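Asks: Here the protein sequences line up with chains Z and X, keeping their order.
Position one of the first sequence corresponds to residue 9 (our numbering), numbered consecutively onward.
Position one of the second sequence corresponds to residue 25 (our numbering), numbered consecutively onward.
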Amino acid sequence: MNKRIVSARQAKDYLSTLKPIWCPGCGDFGVLNALTMAFARLALKPEQYVIVSGIGCSSRMPGYLQGYGFHGIHGRALPVATGLKLVRSDLDVIVTIGDGDAYGIGGNHFLHAARRNVDVTCVVMDNRIYAMTKGQLSPTTPLGDVTATTQGGSVEPPLRPLLLALAAGATFVARACSWEPKRLATLLAQGIRHRGFAVIEVLSPCVTFRPEDRTLRERVVWHDREPTHDLLEAMQAALEGDGLTLGLFYQVGRPVFCGESEVHREVPMPKSPRRGLDAVLAALGESAAQD
Amino acid sequence: MAVFGSGGRGVMLLGDLLIETAAACGLYGLLTRTYGPEVRGGESACFLRLGSRPFEMMPDALDLVVAFDWSNGEHFQQELQFKPNGWLIYEETVGDLPHWIPPEAVRCPVPWKRLADEIGFGARPNLVVFGALCRLLGLEDEPARAVMTARFGERDVELALRAFEHGAAWAQQAGKWGRRLPAVATDVRRWVLTGNEAIALGALQAGCGFFSGYPITPATDIMEALSRHLPERGGVLVQAEDELAAINMAIGASFAGKRAMTATSGPGFSLMAEGLGLALMAEVPLVVVDVQRVGPSTGIATKTEQADLWAAVASSHGDNPRVVLAPSSVRGCAELTVRAFDIAGAYRVPVVLLSDQFLGGRVEILDPIPLEGMDRCEQTADEHMEAGRRVHPSDPGGADAPTALSGRPGGDCVAESLEHDSSGRPDSSFRTHQFQARRRREKLQALAGEEGWIECCGDASASVALIAWGSTGGVVREAVRAAEAQGTKVKGIILHLLFPAQPEQLERILQGAEVLYVAELSSMAQFFYYLRAFYRLPSRVVSLARPGGIPYRAGELVEALTATGAAIRGAQHE
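Below, the structure written as C-alpha cells:
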C-alpha cells in the first residue's frame, strides 16, 4: 500500500525541466498547474497523452509538460490534433491554444472540430489580447478597448466563444479561470474523460498588456448547476453575468469523429465494378493470394 | 480520333467504353478529356489514340472525328487537325458543317438520332454510336459486352446492349465501314488507369495510412479513389474544411506514426505552403501531391499547365529544402508515389509530387506495373523513436533520428515549429540556427547523389538535346522518336527529381550537346530559369516555353528543333 503511494505521480512530476518564458503573474501558470493536477488526478502516464498547440504565449505549453507534444503553427493546432487522434485514438489529445488560435486565425478549424465532435480536449487560454506580439486586438477584446492596433479604441464587438462552440456542435462546453487552478483542474479532468469535443475556455489574464483584467476576479460567478443537455438553456447560461459565469454549461453524448474509416461506415461499400483502379487492385489482390 | 459534343451527351462515357474495350481486345491506348468548367451543358470532347504500342500523347492529326453536334465545336478547333483523308462522322440532321472543317475531310453523315429513336434512346445516342464505332474500328463484340456489363451492371445492361447492337448492325449493313486495328495477342490483363488513380494506387501500395484533402479540380479523384479503398485497408481519410486543415491533419497523423498524404492543385497548394514549412521545420514525413492546372488563381481548372514548378521548389517561407518529384507518365505516377513515401520517411521531409491535369486526367492502357512495398502501413514511429527526447544525429546526412510520437513509456518528444536544438528544445541562438539550417539542407545530399533520376532517350551522342519534365516528358519521348524518323538525331532528357537538383548527373548526360532546347508549359519559362539557376548547361540554351491549356504535340516540338522554328520561339528566353 505504502509503496503504491510512493510511486504515484504527483502533479509536479508532470512538469518538464524547461522553465516557462511567461511574465511573472501570467494566467497561463495557473493553467499549467491545473493541467498537472488533472493529470495526477486521472493518474495519466505521460505516454498516454499528447499536448498539441499553436502559436502564442499559451501555446508554449507542450514544452513545459512531460511527454509527447506538438508545438505547431498559428491557428492549426486543431487540424494537427484531429489527424493525430484519428490514427491514435488510444491517446488523450489535449489542445492548448489561445484566443487568436481558436477564434481568429484558426476559427474555421474550431468550427469544424466542434461540428465533427473530434475526441480532443480544447483548452483555450483567453487573455483577450495578442500578447506574444505585444498587445494587438484579439477576437475577444472588448469593444472600445485601446490596443496596439486599435489606438482609437476597438470598433469591433468581441466574439462569444461559448455560443460559437455550442452552435457548432461541441459536446462539452465550460468556462473557467486561471486563478482557481483546483476548480479548473476538475473541469480539465472532466473534459479529458469526456468522449467528444470538449471546449474549456479559460479566462487567463495577461498582466502585461491587459493589467485591467485582474479585476475579472471580482466579476466572475460560478455556475454550480448540473450541465444541461439543452442547447438553448446552455446558451442562456453561458450568456449570464455578462459572459463571465464560470462552470460546465453543457455536456451531451454524440458519436465521436473517426474519419472515413472501418470504425463506422454508414453505408456498405458498393460492389466493385471491376474497372480502372478497382480492377487493378482486384488483380493485385488475386496475385498476392496466389503467392 | 476525337469525339465531341455538348456536355451531357455522353461523350465521356463513350470514350471510357471505347478505351476499356480496346484494352480488353489487346490494344494499347490513351484517352484524354477536354471540357469546360461547367458540369453539364458546356463543351466536352475526348481524344482517343489506339494502337499496338503505348502512347503518351495525342497525334498531330486525327484519323477520325466523331461529332454529336456542332454547338461547341469551335472550342476544339485548334485541337481538331484532320489527317489528309481523315474521316468526319457526324449526325446527319445537324445542318451545315462549320466552315473550319477542312474540305478534304471524308464526310460520313449518319442517322444516329433516328437509330436511337427507333429503340427509345433518343436523347443519348452514344451507345448506338459505340456499337457503330466498335464495328468500324474492328473491336470485338464480346469484350465490348463485358465492358458494358461491368459498367451498367447485370440489371441495366440489357437496354445498353440493345442500343449497342442496333448501332453495330447499322454499321455492318452500311458496308463501307471497316478499318481494323491491329490487335496485340497477349495473355496479360493490361491496366486501364488515370494518372490520378495511379497516384492512389501508389499510395495504397506504399502503405499510406492517412489521407486528408479538400476537393479541387483536377486532383479530387485521388481522394475519391482513396475514399473507396483506404478505409478497407485500415487507413483513415478525412475531407478537411480547407487545405490549411488538410495538410495539418496529415502532419498530425504522420507525427503519430502513419504514412500520410494530401493532394491538391495550385490554389490549394498555395494554402498548403504554410504547413509545408511546418513539416520542414518539425521534420515530419509527408507526401503532398499537386496536380497542376492552368493558373494563376482559379485560372482554367480543367486544363493542364506546368507553372507550379517554382512554387513546388520554393513555396513556404525561409530556407526550406524539400523534395520535389515529377512523374512523366501514368506508370510514373504510381512508381514515384511509392518512392515519395519512402523518401519522406527516410529523410523526414515533405515530398512534393508534381503531377498535372494532362497526367492526372488521362486514361492509359498500360502493362502491369511491378510495385513493391505492400503492407507497410506502420511507418516510422517505432523505427525512429527512442525513449527520451529526440536527438538529431550530428552527422548531417543521417536520416535515422527519432521523429515521431510512439506512445512508448519514457518518450518525451515535442515536434517544434520554432528553431530548436538537437534535443528538440526551442533555441534562437545564431549557432543553433547555423547548424540546423545547414543540416536540414545537407541531409538531402544523399538523395541528390542518387543515380537513375534522369531519364534519357533518343541518340546519346546527338549534338541537339531536348529537355523537359512532367507530362511534357512523355511528349519528348514521342518527339525524339518522330525526329529520328525524319532523320534528325536528338538526345531526349526528362528530369524526375526536381529538388534537390542534380547538376553533376545532368552535366554528364549533356556532354556532347551543343544546344539544349527546353520544353515546358509555362509562360514565364519557369523550368528554363530553374535549369539556369541550378545546373551547368551548354552555351546555347533555347526555351520553347509556352502557356498550357493544350499539351504539346510531338510535331510542335520537332518543328521547334529546326532552326527556323527555334528562332521564332526561342526569341523570348535565350
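A virtual CB, placed ideally from N, CA and C, is assigned to each residue, including glycine.
Here the structure is a predicted model, which is why all the values come from computation and not from measurement.
Give the range of the alpha helix (DSSP H) segment to which residue 161 of chain Z is assigned.
Replies: Here residue 161 of chain Z belongs to no alpha helix (DSSP H), and DSSP marks it neither H nor E.
Asks: Can you list the residues of chain Z that residue 433 of chain X reaches, using a CB-CB cut of under 7 Å?
Replies: Here the neighbours are 53, 55.
Asks: What residue does the alpha helix (DSSP H) around residue 582 of chain X start on, and which one ends it?
Replies: Element bounds for residue 582 of chain X: 578 to 585.
Asks: So what does residue 133 of chain Z bridge to, in DSSP terms?
Replies: According to DSSP, which records beta bridges pairwise, residue 133 of chain Z is partnered with Z/106, Z/210.
Asks: Using a Cβ-Cβ cut-off of 6 Å (strictly less than) and excluding sequence neighbours within five positions of residue 285 of chain X, which residues of its own chain qualify?
Replies: So the list reads 227, 232, 235, 311, once near-sequence residues are dropped.
Asks: Residue 70 of chain Z and residue 438 of chain X: beta carbons closer than 9 Å?
Replies: Yes, they are a contact pair.
Asks: Evaluate residue 43 of chain Z with the Cβ neighbour count: other Cβ atoms within 10 Å of its Cβ, from every protein chain shown; 16 or more gives buried, anything less gives exposed.
Replies: Under this definition residue 43 of chain Z is a buried residue.
Asks: Going by DSSP, what residue range makes up the beta strand (DSSP E) through residue 283 of chain X?
Replies: It spans 283 to 288 - the beta strand (DSSP E) in which residue 283 of chain X sits, taken as one unbroken run.
Asks: So which residues on chain Z does residue 436 of chain X lean against when the C-beta distance must stay under 8 Å?
Replies: In chain order: 24, 54, 74, 75, 76.
Asks: Identify the continuous alpha helix (DSSP H) that holds residue 40 of chain X and give its terminal residues.
Replies: Start and end: 35 to 48.
Asks: Give me the Cβ distance between residue 60 of chain Z and residue 133 of chain Z, rounded to the nearest whole Å; I'm assuming they're in contact under 8 Å.
Replies: Not confirmed; about 14 Å, so no contact.
Asks: With C-beta atoms as the reference, is residue 222 of chain Z less than 9 Å away from residue 136 of chain Z?
Replies: No; because the gap between Cβ atoms is not below 9 Å, this pair is not in contact.
Asks: Just the chain Z side, please: which residues come within less than 9 Å of residue 258 of chain X by C-beta, in chain order?
Replies: Those within 9 Å of residue 258 of chain X in chain Z are 269, 270.
Asks: Kindly give me the distance between the Cβ atoms of residue 109 of chain Z and residue 83 of chain Z, rounded to whole angstroms, as I take these residues to be in contact under 8 Å.
Replies: The Cβ separation is near 5 Å, so the contact holds.
Asks: What is the DSSP secondary structure of residue 141 of chain Z, counted as helix, strand or coil?
Replies: Looking at residue 141 of chain Z - three-state DSSP - the assignment turns out to be coil, as it is neither helix nor strand.
Asks: Against residue 288 of chain Z, what residues of chain X qualify as contacts under a CB-to-CB distance less than 7 Å, listed in chain order?
Replies: Result: 215, 217, 225.
Asks: In whole angstroms, what is the alpha-carbon distance linking residue 47 of chain Z and residue 23 of chain Z?
Replies: Their backbone Cα atoms lie some 11 Å apart in a straight line.
Asks: Looking at the structure shown, is residue 334 of chain X part of a helix, part of a strand, or coil, going by DSSP?
Replies: Helix.
Asks: Flag residue 60 of chain Z as yes if its beta-carbon sits less than 9 Å from any beta-carbon of chain X, otherwise no.
Replies: Closer than 9 Å: yes.
Asks: For residue 524 of chain X, count the other beta carbons within 10 Å of its own beta carbon; 16 or more makes it buried, fewer makes it exposed. Which is it?
Replies: By the 10 Å Cβ count, residue 524 of chain X comes out buried.
Asks: Against chain Z, with Cβ distances strictly below 9 Å, would residue 272 of chain X count as a contact?
Replies: Chain Z contact via Cβ: present.
Asks: Checking the sheet assignment: what are the DSSP bridge partners for residue 111 of chain X?
Replies: According to DSSP, residue 111 of chain X bridges with X/88, X/130.
Asks: Specify, as a first and last residue, the run of the alpha helix (DSSP H) that residue 224 of chain Z falls within.
Replies: Note, residue 224 of chain Z: alpha helix (DSSP H), 224 to 227.
Asks: To the nearest angstrom, how far is the alpha carbon of residue 113 of chain X from that of residue 289 of chain Z?
Replies: Cα to Cα, the separation comes out at about 37 Å.
Asks: Mind checking who residue 218 of chain X pairs with in its DSSP beta bridge?
Replies: Looking at the DSSP assignment, residue 218 of chain X forms a beta bridge with X/387.
Asks: At a CB-CB cut-off below 7 Å, which residues of chain Z make contact with residue 180 of chain X?
Replies: Here the premise fails: no neighbours, minimum Cβ distance about 12 Å.
Asks: Would residue 177 of chain Z pass as a contact of residue 205 of chain Z if the rule is Cβ separation under 9 Å?
Replies: Yes.
Asks: With respect to the alpha helix (DSSP H) encompassing residue 480 of chain X, which residues constitute its N-terminal and C-terminal limits?
Replies: Not the alpha helix (DSSP H): residue 480 of chain X falls in the beta strand (DSSP E), residues 478 to 482.
Asks: In three-state terms, what does DSSP make of residue 93 of chain Z?
Replies: Looking at residue 93 of chain Z - three-state DSSP - the assignment turns out to be helix.
Asks: Going by alpha carbons, who is nearest to residue 271 of chain X out of X/145, X/157, X/345, X/298?
Replies: That would be X/298, whose Cα lies nearest to the Cα of residue 271 of chain X.
Asks: Would you mind sorting residue 255 of chain Z into buried or exposed? The rule is 16 or more other CB atoms within 10 Å of its CB.
Replies: It counts as buried.
Asks: Taking contact to mean at least 3 C-beta pairs separated by less than 8 Å, is the region 345 to 355 of chain X in contact with the region 250 to 266 of chain X?
Replies: No contact exists between the region 345 to 355 of chain X and the region 250 to 266 of chain X.
Asks: Where does residue 229 of chain X land, buried or exposed, given buried means 16+ other C-beta within 10 angstroms?
Replies: By the neighbour-count rule (16 or more Cβ atoms within 10 Å), residue 229 of chain X is buried.
Asks: In the DSSP assignment, find the unbroken alpha helix (DSSP H) run with residue 155 of chain Z in it and report its ends.
Replies: Looking at the DSSP string, residue 155 of chain Z is not in any alpha helix (DSSP H), and its letter there is neither H nor E.
Asks: Quick one: what's got a C-beta closer than 7 Å to residue 599 of chain X's C-beta in the same chain, skipping five residues either side?
Replies: It is not possible to answer for residue 599 of chain X, since the shown part of chain X is limited to 25 through 598.
Asks: Verify the CB distance criterion: does residue 293 of chain X have a CB-CB separation below 9 Å to chain Z?
Replies: No, its Cβ sits nowhere closer than 9 Å to a Cβ of chain Z.
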